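Asks: Following this message is one structure expressed as structure tokens.
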Amino acid sequence: MEEQLALELLEFINESVTAYHGAYAMKSILDEEGFVEIKENKKWNLTKGGKYYVMKNQSAIVAFEIGEGKLEEDGFRLIGAHTDSPTFKIKPKAEIEVESTYLKLNTEVYGGPILSTWFDRPLSLAGRVSLKGKSPLKPENRLVNIDRPLLIIPNMAIHMNRGVNDGYAFNKQKDTLPLIGFINEKFEKDSYLLTLISKELGVPKEEIMDFDLFLYEYEKGCIFGLENEFISAGRLDDLWMVFTGVKALVDSKKNKATKVMVAIDNEEIGSLTAQGAQSTFLKTLLERIALGLGKNKEEFFRTLSNSVMISADLAHALHPNQVEKHDPSNHPVLGGGPVIKMAASGSYSTDSNSSAIFQAICLEEKVPYQKFVNRSDVKGGTTIGPMSAADLGIPVIDMGAPVLGMHSVRELTAVKDNAYTIKAFTKFFNL
């Protein structure tokens, strides 16, 4: 059963080559489970027991199932994750010719990838392309995935870079540009990429207005280890939590509370977008659920006061070769279960009250759990948790499943932790 769940996770991640594709992979699961898509620009008429979802920017998606109880008394049960992962984004006018021989693409770093892990491996290209629409205000947006090995970021030979193993500082503008091919007379100068996209989509180049295209590792994720106990894959941060959250949502039973699975975008770059955690998207959506059920503003605020959220991102597991990098008494391990994340700085939203909630859930389901706190002399990261807690004014548990190599092109986790997290999330939605 655990290995089967891990294979389902890998299938989901392999489909989710960008945030756009991740949102649509979640949409596909929801469609199969009878959820109905509703639009932001339409009137919402919601019913008890109804199952719905809303998409934003084609890269964020929120699904919810209306509870059988009174909304203002039973509240929302929310799990929040994000669809984006660290990568490289293609710049406009991307083609760069080198010595009339090589063709490479100009990129900029998206988020905080471990740059060295992206070298010398086959990469491909995917994202969204915006075409001319019937109105200038309504471009036609289509997803694209060049589903074949297409590019590579070549390393410099150690003979020409003797200090590479002593801590080489990669230049993001110079060292990380991917090679795509040789200069080819069949392609029009400065439009190699547009020609590729137009062929893939079957549209004239002149119809292409712009694009949001990203690199991704072409090699698929896998299960490995002496007893198949590990998972190696890209984009585990944070598509893993998107998968476990939606899996728990569709597997959970009907109850009084309204269950909400939130998969927003742009966490890796600060969340300050229309579809990010610092936008009004989630709070407005929750208020519209209340209004769609005939509730007033005061009843919406009462609903929030009875709501709880899990902010689900990943957590740093104890590194077998760098034990000293971790807090001496709070260092989770792979296979040890989901991790409650805490920080005196407020970079994680968990406090004793919200921690107690998650611990009680795990105890009831016999799911092991762990705690993570940064070393006091190391600045850690943050998540959508503090933003959501501040905006909604509700208890938010910052947690995640343990992982090694966070932000590497290939991250590493344990098969058991996938099953543990799904079990804990399903119990949370069942409350």
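Numbered by UniProt numbering, the letters in the sequence shown go through residues 1 to 431 in order.
Yeah, the Cβ is synthetic: ideal placement off N, Cα and C, and Gly gets one too.
Computed from a predicted model, the values in this text were never measured in an experiment.
For the structure I just gave you, are there three or more beta carbon pairs, one from the region 369-376 and one from the region 334-353, closer than 8 Å?
Replies: yes
Asks: Can you have a look at PHE224 and say buried or exposed, based on whether 16 or more other CB atoms are within 10 angstroms of its CB?
Replies: Here residue 224 refers to the residue found at position 224 when the sequence shown is read from its first residue. Under this definition PHE224 is an exposed residue.
Asks: Would you decide whether PHE300 is buried or exposed? Buried here means 16 or more other CB atoms lie within 10 Å of its CB.
Replies: As a working note, residue 300 is residue 300 in the sequence shown. Answer is buried; the Cβ neighbour count reaches 16.
Asks: Hey, ASP210 and ASN57: beta-carbon distance below 9 Å or not?
Replies: In the sequence shown, counting from the first residue as 1, residue 210 sits at position 210. In the sequence shown, counting from the first residue as 1, residue 57 sits at position 57. The answer is no: Cβ separation not under 9 Å.
Asks: At least one CB of chain D closer than 9 Å to the CB of GLU364: is that the case?
Replies: Judged by its chain identifiers, the structure shown contains no chain D, having just a single protein chain.
Asks: Thinking C-alpha only, which one of MET309, SER329, GLN4 is nearest GLY75?
Replies: For the purposes of this step, residue 75 is taken as the residue at position 75 of the sequence shown. For the residues MET309, SER329, GLN4, the minimum Cα distance to GLY75 belongs to MET309.
Asks: Helix, strand or coil for ARG288 per DSSP?
Replies: Here residue 288 refers to the residue found at position 288 when the sequence shown is read from its first residue. ARG288 falls in the helix class under three-state DSSP.
Asks: Just to confirm, are GLY221 and ASN14 a CB contact at a threshold of 9 Å?
Replies: The residue labelled residue 221 in the question sits at position 221 within the sequence shown. The residue labelled residue 14 in the question sits at position 14 within the sequence shown. A contact, by the Cβ cut-off of 9 Å.
Asks: Taking PHE88 as the reference, which of GLU108, THR383, ALA81 has the closest Cα?
Replies: Taking the sequence shown and counting its residues from 1, the one referred to as residue 88 is at position 88. PHE88 has its Cα closest to that of GLU108, out of GLU108, THR383, ALA81.
Asks: Can you have a look at GLU411 and say buried or exposed, based on whether 16 or more other CB atoms are within 10 angstroms of its CB?
Replies: Taking the sequence shown and counting its residues from 1, the one referred to as residue 411 is at position 411. So GLU411 counts as buried.
Asks: For GLY234, which of PHE429, TYR24, ASN41, THR413 has the nearest alpha-carbon?
Replies: The residue you call residue 234 lines up with position 234 of the sequence shown. Closest option to GLY234, Cα to Cα, is THR413.
Asks: How about ARG288 and HIS326: are their beta carbons less than 9 Å apart?
Replies: By 1-based counting over the sequence shown, the position of residue 288 is 288. By 1-based counting over the sequence shown, the position of residue 326 is 326. No.
Asks: Using DSSP's beta-bridge definition, name the partner residues of ASN141.
Replies: As a working mapping, residue 141 is identified with position 141 in the sequence shown. DSSP, once it has assigned bridges, lists SER130 as partnering ASN141.
Asks: With H, G and I counted as helix, E and B as strand and the rest as coil, what does DSSP make of ILE422?
Replies: Taking the first residue of the sequence shown as position 1, residue 422 is located at position 422. Three-state result, ILE422: helix.
Asks: Cα separation between THR303 and LYS295?
Replies: Within the sequence shown, numbered from 1, the residue matching residue 303 stands at position 303. Within the sequence shown, numbered from 1, the residue matching residue 295 stands at position 295. Roughly 10 Å between the two C-alpha positions.
Asks: I'd like the list of long-range same chain contacts for ALA25, defined as Cβ closer than 6 Å, with 5 residues on each side in sequence excluded.
Replies: Locating residue 25 in the sequence shown gives position 25, counting from the first residue. The answer, listed in chain order, is PHE12, GLU15, SER16.
Asks: Which same chain residues end up closer than 7 Å to LYS253 when comparing Cβ atoms and leaving out the 5 residues on each side of it in sequence?
Replies: Residue numbering aside, residue 253 sits at position 253 when the sequence shown is read from its first letter. ASN430, listed in sequence order.
Asks: Going by alpha carbons, who is nearest to ALA390 out of PHE214, GLY405, TYR348?
Replies: Numbered from its first residue, the sequence shown carries residue 390 at position 390. Ranking PHE214, GLY405, TYR348 by Cα distance to ALA390 puts TYR348 first.
Asks: Looking at the unbroken alpha helix (DSSP H) that takes in ASP238, where does it start and where does it end?
Replies: Position 238 of the sequence shown holds residue 238. Its alpha helix (DSSP H) spans residues 236-251.
Asks: Kindly confirm or deny that the region 236-243 and the region 38-58 touch, where touching means at least three C-beta pairs closer than 8 Å.
Replies: no
Asks: What residue does the beta strand (DSSP E) around GLU95 start on, and which one ends it?
Replies: For the purposes of this step, residue 95 is identified with residue 95 of the sequence shown, where counting begins at 1. That run of the beta strand (DSSP E) goes 87-98.
Asks: Tell me, which residues are paired with TYR52 by DSSP?
Replies: Here residue 52 is taken as the residue at index 52 of the sequence shown, counted from 1. According to DSSP, which records beta bridges pairwise, TYR52 is partnered with VAL36, PHE64.
Asks: Indicate the three-state DSSP secondary structure (helix, strand or coil) for THR117 in the structure shown.
Replies: Within the sequence shown, residue 117 is the residue found at index 117, counting from 1. THR117 falls in the helix class under three-state DSSP.
Asks: To the nearest angstrom, how far is it from the Cα of SER307 to the Cα of GLN359?
Replies: For the purposes of this step, residue 307 is taken as residue 307 along the sequence shown, with counting starting at 1. For the purposes of this step, residue 359 is taken as residue 359 along the sequence shown, with counting starting at 1. Each residue's alpha carbon lies about 17 Å from the other.
Asks: Helix, strand or coil: how does DSSP classify HIS407 here?
Replies: In the sequence shown, counting from the first residue as 1, residue 407 sits at position 407. Of the three classes helix, strand and coil, the one that applies to HIS407 here is coil, per DSSP.
Asks: When the Cα atoms are used, what is the spatial distance from GLU185 to GLU2?
Replies: The residue labelled residue 185 in the question sits at position 185 within the sequence shown. The residue labelled residue 2 in the question sits at position 2 within the sequence shown. Going from the Cα of GLU185 to the Cα of GLU2 covers about 52 Å.
Asks: Distance check for LEU143 and THR383, CA to CA, integer angstroms please.
Replies: By one-based count along the sequence shown, residue 383 stands at place 383. By one-based count along the sequence shown, residue 143 stands at place 143. Approximately 27 Å between the Cα atoms of the pair.
Asks: Where does PHE301 fall in DSSP's three states?
Replies: By one-based count along the sequence shown, residue 301 stands at place 301. If DSSP states are grouped into helix, strand and coil, PHE301 belongs with the helices.
Asks: How many Å lie between VAL62 and VAL260 at the Cα?
Replies: On the sequence shown, position 62 is the one that residue 62 refers to. On the sequence shown, position 260 is the one that residue 260 refers to. When the Cα atoms are used, VAL62 and VAL260 turn out to be separated by approximately 7 Å.
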